[in-house]
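Chains A and B, in that order, give the protein sequences. For what it's worth, this note's numbering labels the leading residue of the first sequence as 1, then goes sequentially. For what it's worth, this note's numbering labels the leading residue of the second sequence as 1001, then goes sequentially. Even for Gly, the Cβ is constructed at its ideal location relative to N, Cα and C. Accompanying notes for the structure given below.
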Amino acid sequence: DTAVSQTPKYLVTQMGNDKSIKCEQNLGHDTMYWYKQDSKKFLKIMFSYNNKELIINETVPNRFSPKSPDKAHLNLHINSLELGDSAVYFCASSQEFYGYTFGSGTRLTVV
Amino acid sequence: GENVEQHPSTLSVQEGDSAVIKCTYSDSASNYFPWYKQELGKRPQLIIDIRSNVGEKKDQRIAVTLNKTAKHFSLHITETQPEDSAVYFCAATLSGTYKYIFGTGTRLKVLA
């Protein structure tokens, strides 16, 4: 039973398209995150929600919009995809801020 | 701004030897320091963590040390095995937030 699950695992799409990535956690954690890992493996936070409230909103293009319908789900919608958006996107969750549990990642390729 | 530096970027050791990865953080109020292991194509997984009120923590072959004065913390892996080969990330929490600042990663290769 996967603790933090993301879908899809792979996403190949054309420039200009809009796409969504979904994340669900069954750990009962109160905080969820989106991280971006680029080709050099750098892990950079994008957003975080605590009990459905946005608490971290880093400097990312406003084409990226997170949505948290409840504390077990955090989705990421991306409008007008660009080549530079190609990366692996990881969802994570934590109880308070100790020890993130990461999802398995979504490899996004924009062509 | 907040920063975590990690060294070395790559590290090759012979099986059975020890490996040490070092990180330095900039925010003196940081109070939690996790380490993650990421195998190729997999998710980062927490392997050990340390809080600022502790100087050292061990878990079998893995240990982490923290020097708050110098703002350094290190991961020590003893008796390395080929399955320890992965990218290791350190992180520090920015005080008062849920945000981890990750180091740039160390690619560890354990040679059989």
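Which residues in chain A have a C-beta closer than 7 Å to the C-beta of residue i? List them in chain order.
| i | result |
| --- | --- |
| Leu1011(B) | Correct list: empty, because the minimum Cβ distance to chain A is about 14 Å. |
| Phe1089(B) | Leu43 |
| Gly1105(B) | Lys41 |
With 16 other CB atoms within 10 Å as the buried threshold, where does residue i fall?
| i | result |
| --- | --- |
| Asn50(A) | buried |
| Leu108(A) | buried |
| Glu1056(B) | exposed |
| Lys40(A) | exposed |
| Tyr1100(B) | buried |
| Gly84(A) | exposed |
| Asn75(A) | buried |
| Thr1080(B) | buried |
| Arg1043(B) | buried |
| Gln116(A) | The structure shown does not extend to residue 116(A), since chain A is modelled only from 1 through 111, so no value can be given for it. |
| Leu43(A) | buried |
Residues of chain A with a CB under 8 Å from the CB of residue i: which are they?
| i | result |
| --- | --- |
| Leu1046(B) | Gly99, Tyr100, Thr101 |
| Tyr1025(B) | Those within 8 Å of Tyr1025(B) in chain A number zero; the least Cβ separation is about 15 Å. |
Name, in chain order, the residues that DSSP records as bridge partners for residue i.
| i | result |
| --- | --- |
| Phe90(A) | Tyr35(A) |
| Pro66(A) | Leu76(A) |
| Arg107(A) | Tyr10(A), Val88(A) |
| Lys1042(B) | Beta-bridge pairing links Lys1042(B) to no other residue. |
| Lys44(A) | Lys36(A) |
| Ser1012(B) | Lys1109(B) |
| Ser1074(B) | Lys1022(B), Thr1065(B) |
| Tyr1036(B) | Leu1046(B), Phe1089(B) |
| Asp1059(B) | Ile1062(B) |
| Val1004(B) | Tyr1025(B) |
Would you mind telling me which residues of chain B sit closer than 9 Å to residue i, beta carbon to beta carbon, in chain order?
| i | result |
| --- | --- |
| Gly28(A) | Near Gly28(A) there are no residues of chain B at all, since even the closest Cβ is about 16 Å away, more than 9 Å. |
| Phe90(A) | Arg1043, Pro1044 |
| Thr31(A) | Tyr1098 |
Along chain B, which residues have their Cβ under 7 Å away from the Cβ of residue i?
| i | result |
| --- | --- |
| Ile55(A) | Tyr1098 |
So, is the C-beta of residue i closer than 8 Å to a C-beta in chain B?
| i | result |
| --- | --- |
| Asn51(A) | no |
| Ser5(A) | no |
| Ser104(A) | yes |
| Ser48(A) | yes |
Keeping to the same chain, check which residues put their C-beta closer than 6 Å to that of residue i; ignore five residues upstream and five downstream.
| i | result |
| --- | --- |
| Ser65(A) | His77 |
| Thr1104(B) | Gln1006 |
| Leu1075(B) | Ile1021, Trp1035, Val1064 |
Within 8 Å (strictly less), CB to CB, does residue i reach chain A?
| i | result |
| --- | --- |
| Thr1080(B) | no |
| Phe1102(B) | yes |
| Pro1008(B) | no |
| Thr1093(B) | yes |
Excluding sequence positions up to five away, which residues of its chain have a Cβ less than 7 Å from the Cβ of residue i?
| i | result |
| --- | --- |
| Lys71(A) | Asp30, Asn51, Lys52 |
| Ser1085(B) | Leu1108, Lys1109, Val1110 |
| Pro1008(B) | Thr1106 |
| Ile1047(B) | Trp1035, Tyr1036, Lys1037, Ile1062 |
Can you pull the chain A neighbours of residue i, defined as C-beta to C-beta under 9 Å?
| i | result |
| --- | --- |
| Thr1069(B) | Within chain A, no residue comes near Thr1069(B); the closest Cβ sits about 23 Å away, beyond 9 Å. |
| Asp1049(B) | Tyr98, Gly99 |
Take residue i and list the residues in its own chain whose beta-carbon comes closer than 8 Å to its own, dropping the five residues that flank it on each side.
| i | result |
| --- | --- |
| Thr1097(B) | none |
| Thr13(A) | Lys19, Leu81, Leu108, Thr109, Val110, Val111 |
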